[in-house]
Amino acid sequence: MVILINRGCVGLEEIRTHRVTLRLILLIIGICICCILLTFAISNFGNDTHQIEPEPVKCDCSLTQNSFPQTIPSVSNITPNKPILKPCKPIKKTSPVQRAIVIYYPSHQKSYKDINDSFIGVPLVNDKETFDAKRSESLYEKLRTYGYIDSINAIYEGYWTFKMYDFILRTDIDVFIYHHFATYIPSNCAFITGGGRYTTEFKRRKLKSIAHDMGFAHVNLLNMGSTWYGSPYDGYLVANQTLHGMLWLALYEFAMPERESKLGTLMWPEWHYGVLLLYGQQLALNHLVGINQIRILIGHNLLDQLTTDDRVEYVQKGIRLNLHCWHTDLPFSKFVFKMGKYNQTDLEKYKNGKTAQAYAMRMALESKYMTLEELAAYGRKKSLSS
Numbered sequence: 000m001v002i003l004i005n006r007g008c009v010g011l012e013e014i015r016t017h018r019v020t021l022r023l024i025l026l027i028i029g030i031c032i033c034c035i036l037l038t039f040a041i042s043n044f045g046n047d048t049h050q051i052e053p054e055p056v057k058c059d060c061s062l063t064q065n066s067f068p069q070t071i072p073s074v075s076n077i078t079p080n081k082p083i084l085k086p087c088k089p090i091k092k093t094s095p096v097q098r099a100i101v102i103y104y105p106s107h108q109k110s111y112k113d114i115n116d117s118f119i120g121v122p123l124v125n126d127k128e129t130f131d132a133k134r135s136e137s138l139y140e141k142l143r144t145y146g147y148i149d150s151i152n153a154i155y156e157g158y159w160t161f162k163m164y165d166f167i168l169r170t171d172i173d174v175f176i177y178h179h180f181a182t183y184i185p186s187n188c189a190f191i192t193g194g195g196r197y198t199t200e201f202k203r204r205k206l207k208s209i210a211h212d213m214g215f216a217h218v219n220l221l222n223m224g225s226t227w228y229g230s231p232y233d234g235y236l237v238a239n240q241t242l243h244g245m246l247w248l249a250l251y252e253f254a255m256p257e258r259e260s261k262l263g264t265l266m267w268p269e270w271h272y273g274v275l276l277l278y279g280q281q282l283a284l285n286h287l288v289g290i291n292q293i294r295i296l297i298g299h300n301l302l303d304q305l306t307t308d309d310r311v312e313y314v315q316k317g318i319r320l321n322l323h324c325w326h327t328d329l330p331f332s333k334f335v336f337k338m339g340k341y342n343q344t345d346l347e348k349y350k351n352g353k354t355a356q357a358y359a360m361r362m363a364l365e366s367k368y369m370t371l372e373e374l375a376a377y378g379r380k381k382s383l384s385s
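Take a look at the structure:
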């Protein structure tokens, strides 16, 4: 091996030949390894190894969990998961019958000031069972313009006003109630809803996914109608969870143009803000059944029946409880009635009719021949005689 050594101090270069031994080779390898280790140590440990981690930058934005009531921990919006339902104690048909009609007046309506009858104000703000201050504030802020919110909120916050009764019927104003309802008692203490016609495959999957996001149980119950009939406590439970579902949907599943009805019915039937109540109800009922809190019966042949049905068999069997006006121009149509196009209709044509269509037409036409006072007196007389 020839090694060139620069001896610049004397300005001369000379070449010397040395004998390379194994010991010399090992020495060179050792020196190289030491240089590599020294370089690594300097580059990685030369600085202070105990640097303080910088503090995270604080976000000045509002957190999602602070703007909406939580699903799991809140006592007010999640029903306790009991292992079994309360034992069913059926109501006997021989028991005395007491009925009450509860009319809800929003506080901004001045018409209630002209009422001579006594009325009760809700909510009781100190009653934790029926008033959730934080959620009430959110409902007012986000849903006060939604026209049907009070029909649910009045059941939750007004529970103490009717909990002494055996049953409660929550229904819309565009319905006709059959006389069969006066003696009908749900079997097996079931909470009954009508049948609905708003579910599509897209909606089914979407609501199931939303239930998962909320921490709600889901047991694939579909197409529940607007009318409820069951015990006051079951109505209270369903109203509570329905409000929670409606608020969640309004905040996270509908854009502002949808909430402001700027899209009209463009998204119907797949996804429509106008039926927010039914979506919230579907989430609520699936959850309560899933955690074994209520027994439910979807009364497809009991509640929310069509006013256009001209068949006879259901009326003769006496299994219909109420008729609900759907969106149609066929008789009976609430839209045609409101426009006064039934004013010249002959009442005798429907007087002895046995179909749902005839019953709705007869009730609507007879109501036009009575003042509200006469109608109230007629109702009181019938109630006392029964």
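Numbering (numbering that gives the first Met the number 0), first residue to last: 0 to 385.
Note that the Cβ used here is the ideal one computed from N, Cα and C, for glycine as well.
Simplified DSSP assignment, three categories, for residue i
| i | result |
| --- | --- |
| LYS380 | helix |
| LEU305 | strand |
| ALA375 | helix |
| THR160 | helix |
| LEU168 | strand |
| THR226 | strand |
| THR192 | strand |
| VAL124 | coil |
| CYS31 | helix |
| THR359 | The residue you asked about is not Thr; residue 359 is Ala in the sequence shown. DSSP places ALA359 in helix when its eight states are reduced to three. |
| CYS259 | Per the sequence shown, residue 259 should be read as Glu rather than Cys. Coil, per DSSP. |
| ALA254 | coil |
| ALA216 | coil |
| TYR349 | coil |
Range covered by the alpha helix (DSSP H) that runs through residue i
| i | result |
| --- | --- |
| TYR278 | 275 to 289 |
| PHE331 | Careful: PHE331 lies outside any alpha helix (DSSP H) and carries neither H nor E. |
| LEU142 | 132 to 142 |
| VAL314 | 312 to 316 |
| LEU206 | 200 to 213 |
Residue range of the beta strand (DSSP E) that includes residue i
| i | result |
| --- | --- |
| MET369 | Counting along the chain, MET369 falls outside any beta strand (DSSP E), and DSSP gives it neither H nor E. |
| TYR232 | No beta strand (DSSP E) contains TYR232, which is instead part of the alpha helix (DSSP H) from 231 to 251. |
Among the options, the one whose alpha carbon lies nearest that of residue i
| i | options | result |
| --- | --- | --- |
| ASN285 | TYR272, ARG203, THR226 and THR327 | ARG203 |
| ASN321 | SER260, LEU123, THR226 and ARG379 | THR226 |
| ASN300 | GLU312, PHE215, GLN292 and ILE290 | GLU312 |
| PRO231 | GLU252, ILE24, CYS188 and ASN219 | CYS188 |
| TRP325 | VAL314, ARG379, GLY317 and ASP308 | ASP308 |
| THR306 | TYR177, ILE32 and ILE297 | TYR177 |
| GLY234 | ARG361, GLY120, GLU373 and SER150 | SER150 |
| ASP328 | GLN356, SER94 and ASN219 | GLN356 |
| LYS88 | ILE184, LEU142, TYR251 and ILE28 | ILE184 |
| ASN219 | PHE334, LEU374 and ILE297 | ILE297 |
| VAL121 | PHE331, ILE90, ARG134 and ALA153 | ALA153 |
| ALA132 | GLY146, TYR155 and ILE119 | TYR155 |
| ALA363 | GLU373, THR354 and LYS333 | LYS333 |
| VAL274 | ASN222, LEU25 and PHE215 | ASN222 |
Which residues DSSP lists as bridging residue i, in chain order
| i | result |
| --- | --- |
| GLY298 | GLY193 |
| ASN321 | ILE176 |
Count the C-beta pairs between the stretch 251 to 260 and the stretch 170 to 185 that are closer than 8 Å, then say yes if the count reaches three, no if not.
-> no
Okay, do the stretch 240 to 247 and the stretch 130 to 143 touch, 3+ Cβ pairs below 8 Å being the bar?
-> yes
Kindly confirm or deny that the stretch 143 to 161 and the stretch 122 to 130 touch, where touching means at least three C-beta pairs closer than 8 Å.
-> yes
Say whether the stretch 204 to 213 touches the stretch 323 to 342, bearing in mind that this needs 3 or more beta-carbon pairs closer than 8 Å, one atom from each stretch.
-> no
If you pair each beta-carbon of the stretch 269 to 282 with each one of the stretch 190 to 203, do three or more pairs fall below 8 Å?
-> yes
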